[in-house]
Ligand SMILES: Cc1ncc(COP(=O)(O)O)c(C=O)c1O
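If you want it as structure tokens, here you go:
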């Protein structure tokens, strides 16, 4: 019996496969199989990338130094984030603080917004996920990620939400199928100024719940947040540094956030990481103030070394152009797959992050009845038989594909072939339910 307290979709259970290694875009399993790593937003360079391996080995010689003491490479990593990630947005960017995870970065960005505005309530969009710590957990409004206990075949024991949370409608994009609400965007967002009027910030992400970027939506929400005095935080934890085919999702429209949060792949997957990037206006406002939040291992010497190497490789190897190339394959194949499988209800995505949604229970009705694997997990298990590990989002009906940027065309086809095979089980269940 494992002594590890597991997290996962089926309450209290471990995973059915055991990863014992990894190289390139493959995981190595205990039973000897090598399977394609299909859904890994934390690993943009795959496994055992030579530049990352060299960096981690070099960083082992660093001193053990906390966030409050000067460390040159931390300063340099902040410069790199500003100069490389915000290269076209140099008029906007003010400064960076590093964190331990995306959830922590969001939590602290939101508390900074509360401090600046003097307001307590916070806003997000429907179906959002912003992390599982502090206020990020409260702003994660997907029903399955309540942060508490899900009792097998029973009720949830959620964590009580301690701050007022406002939700605005989500964008309704779909490259195949559609989301249920057909009203025009303008109508759906009518009156959001009122919803945001007492909030400290409005935090928006660009992948979670299979909800992707929409430039018109962004400009409308930005305008409403500004009018309402609510700071706009762009949660680019997944999308930052190129996953959607440009450095940040928010760069797809003219409006600019007050704060950007980052995490996941920012350290090339070789160290935990989060970052809060503040606009020049906020940095100017903070000139006679200090942001009183600290943690021993934030901006760790290993983390900042990995950030520097990852950003160097991203630029040197022109990886964002590679993401754009791979997006073409992904879109074409996923649309073909959706046409072929009656169980697929919706496909959306961009760059190297795509969601495949199945017919089945509505995501809102997640009930902690975790005794039986949901349909998305069954598809995932069958895809694994065909050689690719494809993740579910935690919703019963949704899978996402997000491979590393260094995957070859044929390896990407391998993941999509495995999905195609895995979906046969969903088709069978769909036919039975009809
Ligand atoms: C959009 C978004 N924000 C924040 C987070 C939280 O990041 P972390 O798991 O590093 O805390 C996630 C994690 O999936 C995410 O998808």
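Numbering (the numbering used here), first residue to last: 180 to 613. Just so you know, even glycine gets a beta-carbon here, dropped at the ideal spot from N, CA and C.
Cβ-based burial, residue 594 [other Cβ within 10 Å; buried from 16]: buried
Ligand 1 site residues, beta-carbon cut 7 Å against heavy atoms: 220, 280, 281, 282, 283, 285, 308, 309, 310, 311, 312, 315, 384, 386, 387, 414, 416, 417, 442, 443 and 453
Residue 318, enclosing alpha helix (DSSP H) - first and last residue: Per DSSP, the unbroken alpha helix (DSSP H) holding residue 318 starts and ends at 313-318.
Per DSSP, the bridge partner or partners of residue 262: Its beta-bridge partners do not exist; DSSP assigns none.
Buried versus exposed call for residue 336 [16 or more other C-beta atoms within 10 Å across all chains shown]: exposed
First and last residue of the uninterrupted alpha helix (DSSP H) at residue 399: For residue 399, the uninterrupted alpha helix (DSSP H) run begins and ends at 394-407, by DSSP.
Of the residues 242, 533 and 396, the one placed nearest residue 350, counting alpha carbons only: 396
Alpha helix (DSSP H) segment containing residue 601, residue limits: Residues 588-612.
Selection from 353, 558 and 458 that minimises the alpha carbon distance to residue 578: Checking every option, the nearest Cα to that of residue 578 belongs to 558.
Buried versus exposed call for residue 218 [16 or more other C-beta atoms within 10 Å across all chains shown]: buried
Identity of the residue in 180, 195, 185 and 408 nearest residue 552 by Cα: Put simply, of 180, 195, 185 and 408 the residue whose alpha carbon is nearest the alpha carbon of residue 552 is 195.
Whole-angstrom distance between residue 539 and residue 276, CA atom to CA atom: 42 Å
For residue 514 and residue 421, believed in contact at Cβ under 8 Å, the rounded distance: Actually they do not touch by this definition, with Cβ atoms about 23 Å apart.
Reduced DSSP category for residue 307 - H, G, I as helix; E, B as strand; rest coil: coil
Beta-carbon spacing of residue 315, residue 282 below 8 Å: yes
Distance CB(residue 545)-CB(residue 323) smaller than 8 Å: yes
Strand pairing of residue 278, partner residues [DSSP]: 453
Residue 566 beta carbon less than 8 Å from that of residue 215: yes
Which listed residue (347, 480, 542 and 346) has its alpha carbon closest to that of residue 250: 480
Integer Cβ distance of residue 597 from residue 560, believed to fall under 8 Å: 11 Å between Cβ atoms; not a contact.
6 Å CB neighbourhood of residue 371 in its chain, flanking five on each side removed: Within the same chain, 347 and 403 come within 6 Å of residue 371 by CB-CB distance, once the 5 residues on both sides are set aside.
Burial state of residue 415, where buried means 16 or more other Cβ atoms lie within 10 Å: Counting other Cβ atoms within 10 Å of its Cβ, residue 415 reaches 16 or more and is therefore classed as buried.
Distance, residue 199 Cα to residue 381 Cα: 40 Å
Buried or exposed (CB count within 10 angstroms, at least 16 for buried), residue 443: buried
Boundaries of the beta strand (DSSP E) in which residue 569 is found, first to last residue: That residue, residue 569, is in no beta strand (DSSP E); it is neither H nor E in DSSP.
Segment contact, 8 Å Cβ cut-off, at least three pairs: the stretch 262-271 with the stretch 305-315: Because the criterion of three Cβ pairs below 8 Å is not met, the stretch 262-271 and the stretch 305-315 do not touch.
Best match in 207, 278, 210 and 256 for proximity to residue 454 [C-alpha to C-alpha]: 278
One or two residues paired with residue 525 in a DSSP bridge: 356 and 536
Where residue 437 falls, given that 16 or more other Cβ within 10 Å makes a residue buried: buried
Whole-number beta carbon distance between residue 445 and residue 486, since they are thought to touch under 8 Å: 6 Å
Where the alpha helix (DSSP H) containing residue 465 begins and where it ends: Where residue 465 is concerned, there is no enclosing alpha helix (DSSP H), given that its DSSP letter is neither H nor E.
According to DSSP, residues forming a beta bridge with residue 206: 201 and 214
Rounded distance between the beta-carbons of residue 521 and residue 606, thought under 8 Å: 6 Å
Helix, strand or coil at residue 226 according to DSSP, with G and I counted as helix: strand
Separation of residue 575 from residue 608, as counted between CA atoms: Straight-line measurement puts the Cα of residue 575 at about 14 Å from the Cα of residue 608.
Neighbour-count burial assignment, residue 308, 16 or more Cβ in a 10 Å radius: Classified as buried, residue 308 has 16 or more neighbouring CB atoms from the shown chains inside 10 Å of its CB.
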